[in-house]
Amino acid sequence: MLLLFFVVGNGIAQDEIQREGYFEVRSAATRLVGGVHILDARLQLVLSNEALEALSSGVALRINLQMEVIRERRFYLDANDAELTIRYELEYRPLSQRYLVRNLSSGDQDSFATLYSALNNLGRVQGLPVIDDALLEADKNYRVRLRALLSTRQYPAPLRLLFFWRDQWQLTSEWFEWSLER
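Heads up, the sequence shown is in numbering that gives the first Met the number 0, so the first residue is 0 and it goes up one at a time.
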């Protein structure tokens, strides 16, 4: 009897474990192609239980990729010369049982059978134009940094306030930084 209680009790405890999400930039680099710096990056995007529940309930999640191009200065603070935010929306369609990933900047949309494949696609950034080399000063050094975050700005103010106090909605990766090759 005691063994049965332990097995059943352990199963219940496993169900109550909260999955903590996290975002991580695994790698990122730029290359110069035709006078434009192009980004290739790999990200790990893991959603928390609360975000998964919201997604399965019909709430579209917005995932932003933020980039900054920073000009290094020797005797003064570095200058943030360019900022770029690419906005993606992840949505679940229960009728078709498909996950939609929409690039809100370009309007491109893809459909996936599983959440894993949708997040894997979001985590593979290939050939994304960042900045035209002509906009950069020729004799200066630059670095680029990238991070991913779950945005809650599109939700109504009372809901945003609730998200502010819930750690499971604060999914933001650390900045990943590298030198811009010219």
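A virtual CB, placed ideally from N, CA and C, is assigned to each residue, including glycine. Every value quoted in this text rests on a predicted model; they were computed, and no experiment measured them.
So, at 6 Å on beta carbons, what are the nonlocal neighbours of residue i in its own chain, with the 5 sequence-adjacent residues on each side left out?
i, result
"R146", "Q65, S172, W174"
"K139", "R70"
"L170", "G20, F22, L149"
"G126", "I37"
I need the straight-line Cα distance from residue i to residue j, nearest angstrom please.
i, j, result
"D39", "S105", "17 Å"
"S178", "V68", "10 Å"
"F111", "Y141", "37 Å"
"R123", "L76", "32 Å"
"I62", "R72", "32 Å"
"Q96", "Y115", "13 Å"
"E52", "Y21", "16 Å"
"G34", "P128", "10 Å"
"A133", "D80", "13 Å"
"A137", "I130", "14 Å"
"L44", "E23", "7 Å"
"A78", "T84", "18 Å"
"V32", "E176", "20 Å"
"A117", "L42", "12 Å"
"S56", "N120", "22 Å"
"S144", "L135", "The amino acid at residue 144 is misidentified as Ser; the sequence shows Arg. If you take the alpha carbons of R144 and L135, they lie about 16 Å apart."
"T113", "L94", "14 Å"
"E82", "V58", "28 Å"
Starting from the C-beta of residue i, find all residues in its chain whose C-beta is less than 8 Å away, skip the five residues before and the five after it, and write them out in chain order.
i, result
"R30", "H36, I37, D39, E180"
"L60", "L46, A50, A53, L54, E88, L89, E90, L149"
"A108", "Strictly speaking, residue 108 in this sequence is Gln, with Ala absent from that position. Cβ neighbours of Q108 beyond the five flanking positions: L99, V100, R101, N102."
Are there any heavy atoms of the ligand GDP lying less than 7 Å away from the beta-carbon of residue i, as far as the coordinates show?
i, result
"L38", "Here there are no bound small molecules, and the ligand GDP is not part of this structure."
Put residue i into one of helix, strand or coil per three-state DSSP.
i, result
"D132", "helix"
"A137", "coil"
"S172", "coil"
Could you tell me which residues DSSP pairs with residue i in its beta bridges?
i, result
"S178", "R142"
"R41", "S26, R123"
Near residue i, what residues of its chain come up, given a Cβ to Cβ distance below 7 Å and the 5 sequence neighbours on each side ignored?
i, result
"Q25", "Looking at the sequence provided, one finds Arg at residue 25 rather than Gln. Hits under 7 Å: R41, L42, Q43."
"R92", "L99"
"R86", "R61, N63, L103, S104"
"A28", "D39, W177"
* Asked: Quick one: complete beta strand (DSSP E) runs, 3+ long, within the region 43-123?
  -> 60-70, 78-92, 97-102, 108-111
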